[in-house]
Amino acid sequence: MTVADSPNPPVERIDRSPWWASLGVRSAAYAGSFTIVLIGTIASYRIMHGNEPIDRRFRDFYEFYSGAEALVNGTDVFAAGKLGYIYPPLLATLLMPLVQLGIDGAGLVWLVTNAFVLAFAAWFGGRTVATKFGVPKAAPLITLIGLALLADKLFGDMKMQQSNILMFACWVIGMWGLGRHWLLSGLALGFGFSIKYLPIVALPYFGVRGRAKHVIGLITGIVFWALIPAAFIGWGTNADLWRGAAEGLIHSGDGGWQTEEGRARVMNTREYGISITTAIVRTADSMGQPKLGLPIAALLMGVTFLAAWWVYRRNNQPMWLGRWGRAEQDRWPLLLVEWTGLIVVALAFSPQTNSRHLVHSMPLGFLIGAVIITGKSQTTRRLAIAAAAIWWLGMVLPPSIPSLQESVTAWRRASGSCICMVIAWLITAEAVLGDRNQTRKIEPSFLPSSTDAEKSVIVSSAIPQTPIALAM
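Counting from 816, one number per residue, gives the positions in the sequence shown under this note's numbering.
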């Protein structure tokens, strides 16, 4: 019996933080994280108070606000704004009280809310990952690494005044709840589903891992947040808006903006998406073979799964055998590998993914930071640094400057960012599982008369006490 199999694993109680994680270093890391949040907030504020037309000053928030205003006035939500409100009714319903402030006041509230949500989610995500790796004092450093690696996309999202920071927070709370907090995890993911649908991918994951409570929690969260707007806008209106949002999503690949009454005008994913799926579909269309696009994309998703399986296999980590039920709640940091992989693959292969959606993947940055700090071998740390470099370069290159605009467009259309993100996750998985595999050297078989509990204590004391060893 290993430490990870015990009913009360000590991973969260033992502090193995590095000696250099002093108060001064932690304070500097917090200052760095605060600076990143502040830069994005100031950039967004300057755009809001610029001289452009109102829809350009408030970017995507203008569409959210227009949807809320339409609900207040009883007009067509999906016809409001310039590009149109495209989401389920929850977001517009939550923004209805801000309509009385006007677009300027509401925009300021949205900006401040986004800044606070980002600060909280980054802090909480870094703290969660650090705690599960047994290095709670290193949490500020892990937070800073995650924010720095994805700063380019964060700034872009804040300038566009989007809702992806809310989604990031939902993923972080869902990650924290992978242990025993199944209801809070489900409520957070259900909230995210009622904005951008993507957290639904957690449902099959919980299912194949036998996490019955998490399945119930997620379904409860989806139903709860789907019905909440009905208390304010009525059951009929709520149902109509859900139908219109779903129809807009279904028809988003038809080749144009949907303008039919009562239907969301979702962007043409074939033209604007940056995922691997949309890149393959565009390529197949350009070659006159449109029917080959989705099958090839599905094949590439299968290749990604096989690559992950190979990483598990070479590190003696079962992907299926014994991976079921209650024991899963204590498999840290393996759960972090799978959770970040779930987000990465969902983004990389979703037809709706655009560059701002990559903000959702920040938990991968926290995981990379934790491996850099806790890796007990140079090979592990080098792998994590390589993953960080590939991921960061995929996010920032080529620079978005006028002289390189054609290169930027080509990179996005080729799904360069998503490909780099998938590669970075696979390398990170290899680093984490490889580090854990090195601790599987001493078996308790030489103690035939010992109880399982005694063997666990002796083996855990014989194994080098790294944070990853504690998670075996």
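From the three backbone atoms N, C-alpha and C, an ideal C-beta is built for every residue, glycine too.
Query, Result
"Collapsed DSSP secondary structure at Thr-1266 in the structure displayed", "For Thr-1266, the predicted model reports a pLDDT of 40, less than 50, meaning its position is unreliable; a value from the coordinates is still stated below. Three-state DSSP puts Thr-1266 in coil, outside helix and strand."
"Nonlocal neighbours in the same chain, by C-beta distance under 7 Å from Asp-967, ignoring five residues either side", "Met-1210, Val-1211"
"Under 9 Å between C-beta atoms of Pro-1217 and Trp-1226", "no"
"Anticipated Cβ contact below 8 Å, Leu-1033 with Gly-1051, distance rounded", "In fact, because the Cβ distance is near 26 Å, the residues do not count as touching under 8 Å."
"Residue from Leu-933, Asn-1131, Gln-1193, Ile-1200 with nearest C-alpha to Trp-986", "Leu-933"
"Local Cβ density within 10 Å of Ser-1260, reported as buried at 16 or more and exposed below that", "Reliability fails at Ser-1260, whose pLDDT of 32 lies under 50, so the model's placement of it is uncertain and the value that follows must be treated cautiously. Burial call: exposed."
"For Ala-1229, the three-state DSSP class (helix, strand or coil)", "coil"
"Any 3 or more C-beta pairs closer than 8 Å across the segment 906-915 and the segment 831-839", "no"
"Short Cβ contact (9 Å threshold) for Arg-1228 with Ala-1094", "yes"
"Buried or exposed by the 16-neighbour rule on C-beta atoms within 10 Å, applied to Val-1038", "exposed"
"N-terminal and C-terminal residue of the alpha helix (DSSP H) that Leu-1179 is part of", "1177-1189"
"Whole-angstrom C-beta distance between Leu-1109 and Val-1096, which should lie under 8 Å", "7 Å"
"Residue from Ala-1161, Asn-1169, Trp-1147 whose Cα sits closest to the Cα of Leu-1182", "Trp-1147"
"For Asp-1055, three-class secondary structure by DSSP", "helix"
"Option in Ala-963, Ala-1027, Asp-875 with minimal Cα separation from Ala-785", "Not covered by the structure: residue 785. The range shown for the chain is 816 to 1287."
"C-beta atoms of Gly-1184 and Thr-946 nearer than 9 Å", "no"
"Where Asn-1131 falls, given that 16 or more other Cβ within 10 Å makes a residue buried", "exposed"
"N-terminal and C-terminal residue of the alpha helix (DSSP H) that Ser-881 is part of", "874-888"
"Within the segment 877-963, ranges of the alpha helix (DSSP H) (whole runs, at least 4 residues)", "904-910, 917-947"
"Outcome for Asp-976 when other beta-carbon atoms lying within 10 angstroms are tallied against a minimum of 16", "Inspection of the sequence shows that residue 976 is occupied by Gln rather than by Asp. Classification of Gln-976: buried, given that the 10 Å Cβ count is 16 or more."
"Residues near Val-892 by beta carbon distance below 7 Å, same chain, minus five either side", "Gly-882, Ala-885, Leu-886, Tyr-900, Ala-907, Leu-1056"
"Cβ pair Ile-862, Arg-872 closer than 9 Å", "yes"
"For Trp-1139, the nearest candidate out of Trp-1124, Ile-1234, His-1029 (CA to CA)", "His-1029"
"Reduced DSSP secondary structure (H/G/I, E/B, other) of His-996", "coil"
"Between the CA atoms of Asn-888 and Gly-1025 - distance to the nearest angstrom", "46 Å"
"Whether Leu-1179 touches Leu-1013 by CB criterion (9 Å)", "no"
"Assigned secondary structure, Gln-1167 (DSSP; H/G/I helix, E/B strand, else coil)", "coil"
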